[in-house]
Amino acid sequence: MKSDRHILVIGGGAIGLLTARELASAGAQVTVLERGQPGRESSWAGGGIVSPLFPWRYLDSITALASWSQARYPEVCAQLARDTGIDPEFTVNGMLMVAEDEVDTALNWAARHQRRLETVDATTFRELEPAAAHPPGTGLWMPEIGQLRNPRLLAALLADVQARGVTLRSETPVSGLRMRNGVCRGVTTPQGHVEADQVIVCAGAWSGELLSDLPTPPAVRPVRGQMLLFQTPPGTISRIVLEDQRYIIPRRDGHVLFGSSMEEVGFDKSTTEAMREELLALVHARFPVMREAPLVKHWAGLRPGSPAGVPYIAAHPEIPGLYVNAGQFRNGIVIGLASARLAADLVLERPPILNPTPYGWNAPRG
Ligand SMILES: Cc1cc2nc3c(=O)[nH]c(=O)nc-3n(C[C@H](O)[C@H](O)[C@H](O)COP(=O)(O)OP(=O)(O)OC[C@H]3O[C@@H](n4cnc5c(N)ncnc54)[C@H](O)[C@@H]3O)c2cc1C
0 MKSDRHILVI GGGAIGLLTA RELASAGAQV TVLERGQPGR ESSWAGGGIV SPLFPWRYLD
60 SITALASWSQ ARYPEVCAQL ARDTGIDPEF TVNGMLMVAE DEVDTALNWA ARHQRRLETV
120 DATTFRELEP AAAHPPGTGL WMPEIGQLRN PRLLAALLAD VQARGVTLRS ETPVSGLRMR
180 NGVCRGVTTP QGHVEADQVI VCAGAWSGEL LSDLPTPPAV RPVRGQMLLF QTPPGTISRI
240 VLEDQRYIIP RRDGHVLFGS SMEEVGFDKS TTEAMREELL ALVHARFPVM REAPLVKHWA
300 GLRPGSPAGV PYIAAHPEIP GLYVNAGQFR NGIVIGLASA RLAADLVLER PPILNPTPYG
360 WNAPRG
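Numbering that gives the first Met the number 0 puts the last residue of the sequence shown at 365; the count rises by one with no breaks.
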């Protein structure tokens, strides 16, 4: 049922589009304001692993969002493929990890959260990923982990939200909030004011900067990640493999991603020769077969970094009408579905899917 409530979503990345999708599905009138073109920033640049890296290293508040989303990704991607004709290619090919010092911690975490996580010896590691040059004595294996292709997810989401009646305004940078009697009633853009009943900021790495006039803006900052893309014959690499914060991701069609860097360089989104060489040396050492693979692309994206990676999914404590859903850091895809649903629950004053306290505007993080 359509409601009279008009909600502005600021930012057309994965978080903004997923949030708009939830709100529109509940009957709200939704407009997404996007500074550039939707889905071209961090959400486009990411690897699309539908799991936190080394998931036991995260707080339970991240695991809760990840678990909720992971249970729903297969169905959501199938729906998007069916309804939009754009398949995000959600694929379960499992995640192998090298973290020999953390085996006990990982197993305890998996038992506590009822996740499938197994130890594998070097022979099994090699069977699972024959291209890995140096299988560890004991590896960790999560066979149920999936991945998706970010540009396809974004294109499908864009088509999906428009089919649900969401208005999308590209090339519309928001420069500030419009306040009336202490209540947020819209935003300011170079094209004029846009009025609304509620505003939810989903501006990724730019969310802290956009809200920097508030006494307590969310502590969201850009963290650059550089990524390499190769072309290989399909099947050259079989699994997602993680080691020392670097990972390889094989796509169905033989494209292979290797990344990514973690750089605190402000809003500088350029790629560097030095990081290209570093990533190339690592991928060649760990997967010698990749020496034959042509490098087809090198890019960088700005993750929305936050303390301990805990996102801000909250109503402003003192400004009615103002909400935030940002700071998903390295996990915006895997925790995106739950973040969007929780944000919509708060905006629409529905019972929340999860306890929202850890993601509060002023909640302690880490
Ligand atoms: C190299 C790399 C690898 C990654 N790998 C993974 C992974 O494997 N799995 C995973 O789960 N996550 C991964 N991530 C993290 C994930 O991509 C991010 O957490 C997620 O994309 C954040 O989504 P977002 O919508 O908040 O931000 P963005 O996609 O950056 O979108 C924010 C949008 O807001 C717009 N905007 C900003 N300011 C304004 C304004 N003033 N007015 C209007 N619009 C504005 C921007 O133009 C942008 O389109 C990775 C990230 C990178 C960079």
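For glycine and all other residues, C-beta sits at the position ideal for the given N, C-alpha and C. Values in this document were obtained by computation on a predicted structure and should not be read as measured data.
Kindly examine ligand 1 and report whether one of its heavy atoms sits closer than 7 Å to the Cβ of residue i.
i	result
G93	no
C76	no
M226	yes
G253	no
L64	no
S259	yes
V309	no
G320	no
R39	yes
E263	no
P303	yes
S211	no
Q327	yes
E33	yes
P150	no
W67	no
I199	no
S269	no
V333	yes
A19	no
I48	yes
S42	yes
L173	The displayed chain sequence assigns Val, not Leu, to residue 173. The answer is yes for V173.
I9	yes
G145	no
A204	yes
G191	no
G15	yes
G26	no
G300	yes
N330	yes
G185	no
G359	no
G45	yes
G138	no
G365	no
G12	yes
Who does residue i pair with in a DSSP beta bridge?
i	result
G191	T188
E117	W140
L256	L228, I248
I9	L32, V200
E242	V97, R245
R220	G304
Report back the beta-carbon spacing between residue i and residue j to the nearest angstrom; my notes put them in contact at under 8 Å.
i	j	result
P303	G335	No, P303 and G335 are not in contact; Cβ-Cβ is about 11 Å, not under 8 Å.
G253	T235	7 Å
E40	G203	6 Å
L106	L95	Contact flag wrong, Cβ pair sits at about 15 Å.
Q230	V309	Contact doesn't hold; Cβ gap of about 37 Å is too wide.
A339	R20	7 Å
G93	I239	7 Å
L16	L157	6 Å
V97	G138	6 Å
G145	V75	Between V75 and G145 the Cβ distance is about 12 Å, and since that is not below 8 Å, they are no contact.
A342	T104	A342 to T104, Cβ: 31 Å. No contact.
F257	L278	6 Å
T188	T215	At roughly 24 Å, the Cβ-Cβ gap does not stay under 8 Å, so T188 and T215 are not in contact.
L345	Y322	6 Å
V219	Y358	12 Å between Cβ atoms; not a contact.
G10	G38	Their Cβ separation, rounded to whole angstroms, is 10 Å, which puts G10 and G38 out of contact at 8 Å.
V173	L209	7 Å
Check: Quick check: the region 182–196 against the region 315–333, are there 3 or more CB pairs under 8 Å?
Finding: yes
Checklist line | Inside the region 135–195 only - alpha helix (DSSP H) runs reaching at least 4 residues | finding: 149–162
Next item on the list: Any chance you could list the alpha helix (DSSP H) runs of at least 4 consecutive residues sitting entirely within the region 57–90, in chain order?
Entry: 59–83
Margin query: What ranges does the beta strand (DSSP E) occupy inside the region 261–335, keeping only unbroken runs of at least 3 residues that lie completely in it?
Written below: 294–304, 311–314, 321–325
Margin query: Does the structure place the region 15–33 close enough to the region 54–65 that three or more beta carbon pairs sit under 8 Å?
Written below: no
Note to self: Would you call the region 253–267 in contact with the region 222–232, where contact means no fewer than 3 C-beta pairs closer than 8 Å?
What the structure shows: yes
Notebook entry, point to check: Does the region 188–199 come close enough to the region 4–19 that 3 or more CB-CB pairs lie under 8 Å?
Noted result: yes
Margin query: Would the region 164–174 count as touching the region 288–306 if we require 3 or more Cβ pairs under 8 Å?
Written below: no
Margin query: Whether or not the region 76–96 and the region 276–294 are in contact is what I'm after, with contact meaning three or more pairs of Cβ atoms, one per stretch, closer than 8 Å; do they touch?
Written below: no
Check: Per the contact definition of three or more C-beta pairs closer than 8 Å, is the region 118–135 in contact with the region 235–247?
Finding: yes
Notebook entry, point to check: Of all the alpha helix (DSSP H) runs that stay within the bounds of the region 24–61, which reach a length of 4 or more residues?
Noted result: 41–44
Note to self: Any contact between the region 116–124 and the region 65–73? By contact I mean 3 or more CB pairs, one from each, below 8 Å.
What the structure shows: no
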